[in-house]
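Single-structure report; data block below.
2 protein chains.
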Amino acid sequence: MIQAALKAGTHRRRCVFETFTRRLPAGRRYGVLAGTGRFLEQLAGFRFDDGQLAFLEEQRVVDGPTLEFLADFRFTGTIHGYAEGEAFFPHSPVLQVEGTFAEACVLETLILSILNHDSAVASAASRMTGVAEGRPCLEMGARRTHERSAVAAARAAVVAGFAGTSNLEAGRRYGLHTIGTSAHAFTMLHDTEEQAFRAQVDSLGTGTTLLVDTYDVEAAVRRAVEIAGPRLGAVRLDSGDLAGQAGWVRELLDALGNRDTQITVTSDLDEYAIAGLQAAPVDSYGVGTRLVTGSGAPTTSMVYKLVARENSDGVLEPVAKRSLGKGSVGGYKHAARRLDAAGRAGAELLALDPGLLEGESARRLSVPLVADGEILPGATGAEGVEAAAARHRASVAELPVAARRLSEGEPVIPTEHLDH
Amino acid sequence: MIQAALKAGTHRRRCVFETFTRRLPAGRRYGVLAGTGRFLEQLAGFRFDDGQLAFLEEQRVVDGPTLEFLADFRFTGTIHGYAEGEAFFPHSPVLQVEGTFAEACVLETLILSILNHDSAVASAASRMTGVAEGRPCLEMGARRTHERSAVAAARAAVVAGFAGTSNLEAGRRYGLHTIGTSAHAFTMLHDTEEQAFRAQVDSLGTGTTLLVDTYDVEAAVRRAVEIAGPRLGAVRLDSGDLAGQAGWVRELLDALGNRDTQITVTSDLDEYAIAGLQAAPVDSYGVGTRLVTGSGAPTTSMVYKLVARENSDGVLEPVAKRSLGKGSVGGYKHAARRLDAAGRAGAELLALDPGLLEGESARRLSVPLVADGEILPGATGAEGVEAAAARHRASVAELPVAARRLSEGEPVIPTEHLDH
Chain G
0 MIQAALKAGT
10 HRRRCVFETF
20 TRRLPAGRRY
30 GVLAGTGRFL
40 EQLAGFRFDD
50 GQLAFLEEQR
60 VVDGPTLEFL
70 ADFRFTGTIH
80 GYAEGEAFFP
90 HSPVLQVEGT
100 FAEACVLETL
110 ILSILNHDSA
120 VASAASRMTG
130 VAEGRPCLEM
140 GARRTHERSA
150 VAAARAAVVA
160 GFAGTSNLEA
170 GRRYGLHTIG
180 TSAHAFTMLH
190 DTEEQAFRAQ
200 VDSLGTGTTL
210 LVDTYDVEAA
220 VRRAVEIAGP
230 RLGAVRLDSG
240 DLAGQAGWVR
250 ELLDALGNRD
260 TQITVTSDLD
270 EYAIAGLQAA
280 PVDSYGVGTR
290 LVTGSGAPTT
300 SMVYKLVARE
310 NSDGVLEPVA
320 KRSLGKGSVG
330 GYKHAARRLD
340 AAGRAGAELL
350 ALDPGLLEGE
360 SARRLSVPLV
370 ADGEILPGAT
380 GAEGVEAAAA
390 RHRASVAELP
400 VAARRLSEGE
410 PVIPTEHLDH
Chain U
0 MIQAALKAGT
10 HRRRCVFETF
20 TRRLPAGRRY
30 GVLAGTGRFL
40 EQLAGFRFDD
50 GQLAFLEEQR
60 VVDGPTLEFL
70 ADFRFTGTIH
80 GYAEGEAFFP
90 HSPVLQVEGT
100 FAEACVLETL
110 ILSILNHDSA
120 VASAASRMTG
130 VAEGRPCLEM
140 GARRTHERSA
150 VAAARAAVVA
160 GFAGTSNLEA
170 GRRYGLHTIG
180 TSAHAFTMLH
190 DTEEQAFRAQ
200 VDSLGTGTTL
210 LVDTYDVEAA
220 VRRAVEIAGP
230 RLGAVRLDSG
240 DLAGQAGWVR
250 ELLDALGNRD
260 TQITVTSDLD
270 EYAIAGLQAA
280 PVDSYGVGTR
290 LVTGSGAPTT
300 SMVYKLVARE
310 NSDGVLEPVA
320 KRSLGKGSVG
330 GYKHAARRLD
340 AAGRAGAELL
350 ALDPGLLEGE
360 SARRLSVPLV
370 ADGEILPGAT
380 GAEGVEAAAA
390 RHRASVAELP
400 VAARRLSEGE
410 PVIPTEHLDH
């Protein structure tokens, strides 16, 4: 596309691309935007290196002028977007890119890959932390997704309220709280469970979490208390009827005098399993597979669509396609969330004419992220995760209570195009 | 775990870990192993760098002796596994790692992340290429998954029979055939569809593929033929009733004299949609979202379990956990696929005693990949993708015809533990 536009001279036309999803995954009430920070981080260093250019040349993927364009590539446009952690709805313009056709085109895959993945994980994570109602949720899914997705997934989970991650690389890269656990293999490595528990407590102290379901849970809990004493940090259950076991393990721990020893559970948890465990005496949830795969919705299905472009007379005009079932609405959209007197969200408002938002009691949603190619201070950085997590809490708290329902339903607020 | 084992002196115990899945995703008849080549590539350079070690030290994640162990880390063990592209079933030991506890433990996340992700994509891809019966399937999903997963997904898709990918980085890294397409944005960038088609043909020649559904399909097809002439490569349909449109677009192209112009279709395709289009005059399928997200099964749910370890007397003995619903079978498993006289697969055979496989008409499945820390020649490399793709074709051709059914069912061959 860039090569053909370069030859036709249309590559320089000023364009506006908008990133949005046409619909939420089936039954979901809201989505959570994540990945904006990662996108800005990568945009800062986005260049084509010699090896990449050589490949494109040798394989004749593009012609000489296009190679020159790519060799000099540096994004010079302007980007607005919803702040990371914000809730979104169908057609919310979560990232808006203004620039030449060629430069905006180059960024499409980067933007969509990051936002589609990270938002899928954050949207699932938000349902889990919502239903866990303050009990810590811990991200442990690295083994069930691509090795690099895993690092991004941990970050997205923390944006949406997870308390920590077992992914040390995510901890290092994004300053996340890291946690760990021992596996059945550690117990089985030793000649007896007792030796394994002693080895763990000797090295990590009594505050550690002992895994008690390798052989016999009751015997293991008694053994754990015997070895670690009253300050044993926690026991972990990873199989069987977690709610039932948590009940009697709690009673057993209390009877043995270990009232402060916590119970943490793992084993294919998701928002529904967590809901089912909320009545049980569980202190924290370790979530893996279902979190990093978006709990049934592994992508957010966001698209990146041209909504306005300069015509041959140099005038920026709205454009839209008419493809069946995939039609688009032309023009740059200003977005705001309508709030009632109590601060409760009522609708997602989109307007081509920003004046239409003036009379509304509404919170504006887009913030400037990049101006003339420069990433704005505070728009990115490691500290972004904490700020995004705070924004997620505030944004979700603002939604109608039905947002928290796990049953399938419509988006909890409608999206209104004010210009129609 | 490593820190505690180091302190207890059990880190040096010889161990065997096996990678397998307890079950296939609901309804699937077989799985396809992918990622072995990527794992070996990463294993070759697997070290902990100064920045990583400094993080672990500063955050007190591990103690001094563990830091020293990690600083010197280099895998010295032995690995066997199914060859990449091979079909697998529940409990197939697709990767077996023998080494000290500590070194085998370090590799767990790397192995599971890669095999779980890549095999999920390859397993979905195999169903798509199976049902497409020779019509080329093209990978176009980069935008719907994490930016690095996308590169691995393209590779896995080609292992399972895809003819090419739009992911240029995957093309560069793994020597895959790359393809491309133009988007609606390219059409809308121009003042008219005619100008867009002319720009594309001017730059890319008449053999290019023109996207014809931005405005009016019939008008666009006529325009495409007018501009590109009888040698127009293909037209792409991306919305609406693809089967119906393909039918009349084919008739229109033929009537206009463009019998050699192909029709390629895209738009949320998966194996079911492809099956529904097989009766239509479609020449190739572009598949995105559903491919890179595993078509409903985004992970293979493989686990990495300790099945044998040296005891305090230095004797290697089988170990197994008894966790409810997650029990494991101890001991190193030899694997083979039973074949009848016609070469048709009948069962996946697992045996602790390899002698039990001798009397069977069966094909042995495990091959040596790493010996004493050295990656064996031919076990990896860019040429691995083509070899894996050939193996995939052969392995799937060997399965009962029911393997190709899209309806939900049991694994197409049972897994038999011969020692029981």
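Chains as they are written, first to last, in numbering that gives the first Met the number 0: chain G, 0 to 419; chain U, 0 to 419. Cβ atoms here follow ideal geometry from the backbone N, Cα and C, with glycine treated the same way.
When you compare the CB of residue i with every CB in chain G, is at least one pair closer than 8 Å?
| i | result |
| --- | --- |
| residue 324 of chain U | yes |
| residue 297 of chain U | yes |
| residue 251 of chain U | no |
| residue 410 of chain U | no |
| residue 185 of chain U | yes |
| residue 284 of chain U | no |
| residue 380 of chain U | Reliability fails at residue 380 of chain U, whose pLDDT of 49 lies under 50, so the model's placement of it is uncertain and the value that follows must be treated cautiously. So no, residue 380 of chain U is outside the interface. |
| residue 418 of chain U | no |
| residue 107 of chain U | yes |
| residue 383 of chain U | no |
| residue 122 of chain U | no |
Hey, does residue i have any beta-carbon neighbour from chain U nearer than 8 Å?
| i | result |
| --- | --- |
| residue 311 of chain G | yes |
| residue 288 of chain G | yes |
| residue 227 of chain G | no |
| residue 3 of chain G | yes |
| residue 51 of chain G | yes |
| residue 112 of chain G | yes |
| residue 146 of chain G | yes |
| residue 95 of chain G | no |
| residue 116 of chain G | yes |
| residue 47 of chain G | no |
| residue 130 of chain G | no |
| residue 201 of chain G | yes |
| residue 14 of chain G | yes |
| residue 235 of chain G | no |
| residue 139 of chain G | no |
| residue 212 of chain G | yes |
| residue 157 of chain G | no |
| residue 127 of chain G | no |
| residue 415 of chain G | no |
| residue 239 of chain G | yes |
Which term fits residue i, buried or exposed, when burial requires 16 or more other beta carbons within 10 angstroms of its beta carbon?
| i | result |
| --- | --- |
| residue 76 of chain G | buried |
| residue 419 of chain G | exposed |
| residue 18 of chain U | buried |
| residue 235 of chain G | buried |
| residue 375 of chain U | exposed |
| residue 314 of chain G | exposed |
| residue 119 of chain G | buried |
| residue 422 of chain U | The structure shown does not extend to residue 422 of chain U, since chain U is modelled only from 0 to 419, so the question has no answer here. |
| residue 217 of chain U | exposed |
| residue 393 of chain G | exposed |
| residue 360 of chain U | exposed |
| residue 250 of chain U | exposed |
| residue 406 of chain U | exposed |
| residue 30 of chain U | buried |
| residue 85 of chain U | buried |
| residue 176 of chain U | exposed |
| residue 148 of chain U | buried |
Is residue i close to chain C? Criterion is C-beta to C-beta, closer than 8 Å.
| i | result |
| --- | --- |
| residue 359 of chain G | In the displayed structure, chain C is absent; the protein chains listed are G and U. |
Between residue i and residue j, how many whole angstroms is the CB-CB distance? I'm expecting something under 8 Å.
| i | j | result |
| --- | --- | --- |
| residue 270 of chain U | residue 126 of chain U | 4 Å |
| residue 121 of chain U | residue 82 of chain U | Rounded, the Cβ-Cβ distance is 13 Å, inconsistent with contact. |
| residue 335 of chain U | residue 364 of chain U | 6 Å |
| residue 232 of chain U | residue 261 of chain U | 7 Å |
So is the beta-carbon of residue i under 7 Å away from any non-hydrogen atom of the ligand SAH?
| i | result |
| --- | --- |
| residue 341 of chain G | This structure lacks the ligand SAH, and indeed carries no ligand of any kind. |
### Task
Output the residue ranges of the alpha helix (DSSP H) runs that lie fully inside the segment 57-143 of chain U and measure 4 residues or longer, sorted by chain position.
You should have 63-70, 100-105 and 107-131.
### Query
Is there contact here, the segment 1-9 of chain G with the segment 80-90 of chain G, by at least three beta-carbon pairs under 8 Å?
Contact between the segment 1-9 of chain G and the segment 80-90 of chain G is absent, because fewer than three Cβ pairs lie under 8 Å.
### Task
Please determine if the segment 162-179 of chain U and the segment 167-187 of chain G are in contact, where contact requires at least 3 C-beta pairs separated by less than 8 Å.
No, the segment 162-179 of chain U is not in contact with the segment 167-187 of chain G.
### Query
Unbroken alpha helix (DSSP H) runs of length 4 or more, entirely within the segment 185-269 of chain G: which are they?
Under the rule that a run must span 4 or more residues, the alpha helix (DSSP H) segments found entirely inside the segment 185-269 of chain G read 192-203, 216-227 and 241-254.
### Query
Is the segment 334-352 of chain G touching the segment 38-53 of chain G in the sense that three or more CB pairs, one from each, lie closer than 8 Å?
Because the criterion of three Cβ pairs below 8 Å is not met, the segment 38-53 of chain G and the segment 334-352 of chain G do not touch.
### Query
Curious, which full-length beta strand (DSSP E) runs of at least 3 residues does the segment 310-348 of chain U contain?
Within the segment 310-348 of chain U, the complete beta strand (DSSP E) runs of at least 3 residues are 315-317 and 333-338.
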